[in-house]
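Going down the list, the sequences are from chains L and E.
So in the working numbering, the last spot in the first sequence is 271, and the numbers never skip.
So in the working numbering, the last spot in the second sequence is 124, and the numbers never skip.
Glycine included, each C-beta is placed from N, C-alpha and C at the ideal position.
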Amino acid sequence: AQSVSQHNHHVILSEAASLELGCNYSYGGTVNLFWYVQYPGQHLQLLLKYFSGDPLVKGIKGFEAEFIKSKFSFNLRKPSVQWSDTAEYFCAVNSPTSGTYKYIFGTGTRLKVLA
Amino acid sequence: GAVVSQHPSRVICKSGTSVKIECRSLDFQATTMFWYRQFPKQSLMLMATSNEGSKATYEQGVEKDKFLINHASLTLSTLTVTSAHPEDSSFYICSASSVGGDSYEQYFGPGTRLTVT
Chain L
157 AQSVSQHNHH VILSEAASLE LGCNYSYGGT VNLFWYVQYP GQHLQLLLKY FSGDPLVKGI
217 KGFEAEFIKS KFSFNLRKPS VQWSDTAEYF CAVNSPTSGT YKYIFGTGTR LKVLA
Chain E
8 GAVVSQHPSR VICKSGTSVK IECRSLDFQA TTMFWYRQFP KQSLMLMATS NEGSKATYEQ
68 GVEKDKFLIN HASLTLSTLT VTSAHPEDSS FYICSASSVG GDSYEQYFGP GTRLTVT
């Protein structure tokens, strides 16, 4: 069965530290990959997405992610975090060849940035 | 673009009553809408996939008679929690995929917090 793993459940960083959140998926076919952010009390917002092409994807708010097909990974990075990045981050995968576009979400990573 | 709204944003109901949550795509047509449930500090759990004009497809373990889904038009899907109980209290989120566009992506609504007393 398809699954998405986010190994870091809780991450605490100081402002200006670099961030990398792991996301690994298990699916052998073509995938679309997404990172979403959920700020406290707010709804899911798309940070970035990968469908095809350049495996290094740049998103909003200075985030980027790299798709490494051989490792089934799509890790999220930001070179310098801010206090306002405190939020929960979700990785999601879907497969356009499966006949359904439903997402499989990872369990989420709760990021706290200390001012 | 690609805005999804939900109404109400919060609802409190008594045990045994039913409550309806609306999900609307405001600026695009959605052939498919998805309903999720999110427990505190947990990820989103897909409840069902709703296709316009046809019956919803429920995920394993989700009671279709308890969570009634109707997708009557390309811009509106509703979730009705019937005979609600306190354990149904949760955050319900809908999402929608657009027709003819980048249909691999889902656009999420702001969610509805349901509290059953």
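Cβ distance (whole Å) where Phe207 (chain L) is taken to contact Asn188 (chain L) below 8 Å: Within the first sequence, the letter at position 51 stands for residue 207 (chain L). Within the first sequence, the letter at position 32 stands for residue 188 (chain L). Rounded to the nearest angstrom, the Cβ distance from Phe207 (chain L) to Asn188 (chain L) is 5 Å, consistent with a contact under 8 Å.
Ser240 (chain L) versus Val269 (chain L) - alpha carbon distance: Here residue 240 (chain L) corresponds to residue number 84 of the first sequence, with the count starting at 1. Here residue 269 (chain L) corresponds to residue number 113 of the first sequence, with the count starting at 1. Rounded to whole angstroms, Ser240 (chain L) to Val269 (chain L) spans 8 Å at the Cα level.
Min CB distance Glu112 (chain E) to chain L below 9 Å: Indexing the second sequence from 1 puts residue 112 (chain E) at position 105. Yes, Glu112 (chain E) counts as interfacial toward chain L.
Beta-bridge pairing of Ser80 (chain E) - partner residues as DSSP gives them: For the purposes of this step, residue 80 (chain E) is taken as the residue at position 73 of the second sequence. DSSP, once it has assigned bridges, lists E:Leu83 as partnering Ser80 (chain E).
Reference Phe230 (chain L); option with closest CA among L:His165, L:Ala172, L:Asn180, L:Gln158: As a first step, residue 230 (chain L) is located in the first sequence; it is residue number 74 there, counting from the start. The shortest Cα separation from Phe230 (chain L) among L:His165, L:Ala172, L:Asn180, L:Gln158 belongs to L:Asn180.
Residue closest to Glu70 (chain E), alpha-carbon to alpha-carbon, out of E:Thr85, E:Ser96, E:Met54: Sequence index remark: in the second sequence, residue 70 (chain E) carries index 63 (1-based). Nearest option by C-alpha distance: E:Met54.
CB contact check: Gly184 (chain L) to chain E, cutoff 9 Å: Here the question's residue 184 (chain L) lines up with position 28 in the first sequence. At a cut-off of 9 Å between C-beta atoms, Gly184 (chain L) does not count as an interface residue with respect to chain E.
Residue range of the unbroken beta strand (DSSP E) whose run includes Cys179 (chain L): As a working note, residue 179 (chain L) is residue 23 in the first sequence. For Cys179 (chain L), no beta strand (DSSP E) segment is defined, and its DSSP state is neither H nor E.
Positions along the segment 9-27 of chain E whose CB lies within less than 7 Å of some CB in chain L: Within the segment 9-27 of chain E, no residue places its CB atom closer than 7 Å to a CB of chain L.
Continuous beta strand (DSSP E) stretch holding Tyr111 (chain E): start and end: Residue mapping note: residue 111 (chain E) aligns to position 104 of the second sequence, counting from 1. Run containing Tyr111 (chain E): none; DSSP gives neither H nor E here.
Meets three-Cβ-pair contact criterion under 8 Å: the segment 70-79 of chain E and the segment 41-59 of chain E: Contact holds: three or more Cβ-Cβ distances are below 8 Å.
Inter-residue CB distance, Leu121 (chain E) and Val88 (chain E) (contact presumed, cutoff 8 Å): Along the second sequence, one-based indexing puts residue 121 (chain E) at 114. Along the second sequence, one-based indexing puts residue 88 (chain E) at 81. The distance from the Cβ of Leu121 (chain E) to that of Val88 (chain E) is about 7 Å, consistent with a contact at the 8 Å cut-off.
Chain E within 9 Å of His199 (chain L), Cβ atoms only: Looking up residue 199 (chain L) in the first sequence gives position 43. Answer yes: the Cβ-Cβ gap between His199 (chain L) and chain E drops below 9 Å somewhere.
Enclosing beta strand (DSSP E) for Ile100 (chain E) [first to last residue]: By 1-based counting over the second sequence, the position of residue 100 (chain E) is 93. Here the beta strand (DSSP E) through Ile100 (chain E) covers 97-105.
Given 8 Å, three or more beta-carbon pairs between the segment 246-253 of chain L and the segment 184-202 of chain L: Enough Cβ pairs lie closer than 8 Å, so yes.
C-beta contact flag for Phe228 (chain L) and Tyr183 (chain L) at 9 Å: Along the first sequence, read from residue 1 onward, the residue named residue 228 (chain L) stands at position 72. Along the first sequence, read from residue 1 onward, the residue named residue 183 (chain L) stands at position 27. Yes.
Among L:Gly197, L:Ser161, L:Lys234, nearest to Val213 (chain L) - alpha-carbon criterion: Translated into positions along the first sequence, residue 213 (chain L) becomes position 57. The residue with the shortest Cα to Cα distance from Val213 (chain L) is L:Lys234.
Closer than 7 Å at the beta carbon, the chain L residues around Ser50 (chain E): Here residue 50 (chain E) corresponds to residue number 43 of the second sequence, with the count starting at 1. The contacting residues are Phe246, Phe261, Gly262, Thr263, Gly264.
8 Å Cβ shell around Ser25 (chain E) - same chain, five flanking residues per side excluded: Along the second sequence, read from residue 1 onward, the residue named residue 25 (chain E) stands at position 18. Taken in chain order, the residues that qualify are Thr87, Val88, Thr89, Ser90, Ala91.
CB contact below 9 Å: Phe41 (chain E) versus chain L: One-based indexing of the second sequence puts residue 41 (chain E) at position 34. So, interface residue.
Rounded distance between the beta-carbons of Thr265 (chain L) and Val167 (chain L), thought under 8 Å: Start at 1 with the first residue of the first sequence, and residue 167 (chain L) comes out as number 11. Start at 1 with the first residue of the first sequence, and residue 265 (chain L) comes out as number 109. About 6 Å; that satisfies the 8 Å criterion.
Residue range of the unbroken beta strand (DSSP E) whose run includes Lys214 (chain L): Your numbering for residue 214 (chain L) matches position 58 in the first sequence. Residues 212-214.
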